[in-house]
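These protein sequence lines map, in sequence, to chains A and B.
Take the first sequence: its position 68, counted from the start at 1, is 148 in the numbering used here, and no numbers get skipped.
Take the second sequence: its position 67, counted from the start at 1, is 71 in the numbering used here, and no numbers get skipped.
Following: one structure in structure tokens, then a few remarks.
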Amino acid sequence: MTVPEEVPNDERLIAAILSGDDEAFVELVRRYKRKVFSIAARFVRNHDELDDVCQEIFIKVYQNLRKYRGDAPLEHWVSKIAVNACYDALRKRRRTEDEVPLDDVAFALRDPSSDEMPSREAWEILRHALAKLRPEERMVITLLNLEEKSVREVSALTGWSEAKVKVRAFRARKELKRILEDNHGQ
Amino acid sequence: MDNDPFDNRLDRLFAAARKTECYESARAYGFETRVMARIRSNRAVQRPFLLWAWRTIPIFVSLVIFLGIWIYASEPHYMVDLSEVAKIGDEEAILTAFLAGE
């Protein structure tokens with residue numbers, strides 16, 4: 081009978097990292113990279129940028145680990161760093177990203193009565209439309225509608241008040257509709 | 005807002021896009037190694053400064069020793085006669101006794 085290897089919990093992992101154990105940090109990266117990649121993939125343009133942004137996020141995690149107080153699960157703390165890093169990346173990039181006009185992207189917003197749209201196609205449509213939004217609009221609509229976070233969670237992740245999240249979400253949705261309508265007509 | 009047909013379409017678009025798996029394990033292959041390489045290279049960048057700081061310590065120690073010797077050598081020195089000091093001590097004691105009326 082094989083004895084299952086003991087998996088250290090987050091507290092023990094953090095203690096090990098802070099005492100200089102690099103292998104413990106590798107384990108932390110392994111544990112949270114799926115989460116971080118999933119968040120960052122909604123904001124980047126390509127796989128190279130995704131890898132760069134995710135590396136930056138984990139370097140920030142490593143550099144700020146001493147500041148982690150343990151009052152929230154480590155996953156939330158890592159997610160917050162990921163969201164802030166993505167927001168910074170969006171702001172640096174501004175809206176110069178989307179060189180490809182939305183018309184040139186092969187897609188069609190089908191009639192609601194039609195069959196379900198393929199998820200990859202839907203994501204490509206949204207990705208190009210989201211690229212035309214302002215960073216804060218893109219951030220809020222991505223977290224609310226794609227990551228399915230609540231207003232309170234978005235507020236906690238971004239540091240914006242709940243009222244500001246609601247206002248930005250309303251504006252972002254309105255702008256997104258305008259972008260899609262302009263490109264599809266009615 | 006739900007009466008707008010475009011809102012329905014937008015919601016369907018979001019629902020479909022949510023199903024896209026953004027994490028591709030093949031793309032994340034070796035990611036830990038790349039992160040650790042960057043962390044180690046950051047440490048290496050910080051180290052030369054520390055090494056340089058440690059290497060300056062002998063220079064500063066030598067400077068302090070040299071200054072100490074130079075100050076010691078440049079100041080005039082007086083020979084201290086301990087018997088004279090003892091005499092002064094005795095005189096003070098005699099004077100104190102006299103004043104006290106002993």
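All residues carry an ideal CB built from backbone N, CA and C; glycine is no exception.
Neighbourhood of Arg31 of chain B in chain A, by CB distance below 9 Å: Phe117, His127, Leu130 and Asp131, in chain order. Counting C-beta pairs with one atom in each stretch, the region 157-164 of chain A and the region 57-69 of chain B have fewer than three that are closer than 8 Å, which means they do not touch. Taking Glu107 of chain A as the centre and dropping the five residues before and after it, the same chain places the C-beta of Pro88 and Leu93 closer than 8 Å to its C-beta, in chain order.
Considering only B:Asp8, B:Asp11, B:Asn12 and B:Arg16, the residue with the shortest C-alpha distance to Trp203 of chain A is B:Arg16. For Tyr142 of chain A, the uninterrupted alpha helix (DSSP H) segment begins and ends at His127 to Asn144.
In the assembly as shown, Asn225 of chain A is a buried residue. Its beta-carbon has 16 or more other beta-carbons within 10 Å. For a cut-off of 8 Å, the C-beta gap from Ser235 of chain A to Glu242 of chain A is around 5 Å, short enough to register as a contact. In its chain, beyond the 5 residues on either side, Glu155 and Val158 have a beta carbon closer than 7 Å to the beta carbon of Tyr112 of chain A. Just measuring C-alpha positions, the residue of A:Thr222, A:Arg146 and A:Ser199 sitting nearest Cys166 of chain A is A:Thr222.
DSSP places Tyr167 of chain A inside the alpha helix (DSSP H), whose first and last residues are Leu154 to Arg173. Proximity of Ser99 of chain A to chain B, defined by a Cβ-Cβ separation below 8 Å, is not satisfied. Contact between Val39 of chain B and Gln135 of chain A holds: their C-beta atoms lie close to 5 Å from each other, under 8 Å.
In the three-state reduction of the DSSP assignment, Tyr148 of chain A falls in the coil class, being assigned neither a helical nor a strand state. Runs of the alpha helix (DSSP H) spanning 4 or more residues and lying entirely within the region 192-236 of chain A occur at 199-210 and 215-221, in chain order.
Listed in chain order, the non-local C-beta contacts of Ala104 of chain A below 6 Å within the same chain comprise Leu93, Ala96 and Ile97, local neighbours out to five positions each way being set aside. Excluding sequence positions up to five before and after Thr24 of chain B, its CB lies less than 7 Å from no other CB in the same chain.
Here Val124 of chain A carries a coil assignment [DSSP, helix/strand/coil]. Ile139 of chain A is positioned such that its CB atom lies no closer than 8 Å to that of Ala120 of chain A. Taking all protein chains shown into account, Val247 of chain A has fewer than 16 neighbouring C-beta atoms within 10 Å of its C-beta and is therefore exposed. When secondary structure is reduced to three states using DSSP, Trp240 of chain A falls in the coil class, being assigned neither helix nor strand. The beta carbon of Asp262 of chain A does not come within 8 Å of any beta carbon belonging to chain B, so the residue lies off that interface. Judged by DSSP secondary structure, Tyr76 of chain B falls within the alpha helix (DSSP H) whose first and last residues are Ile61 to Ser78. The distance from the Cβ of Glu217 of chain A to that of Arg251 of chain A is about 6 Å, consistent with a contact at the 8 Å cut-off. Put simply, the CB of Ala48 of chain B is far from chain A, with every gap to its CB atoms at 8 Å or more. Taking all protein chains shown into account, Lys147 of chain A has fewer than 16 neighbouring C-beta atoms within 10 Å of its C-beta and is therefore exposed.
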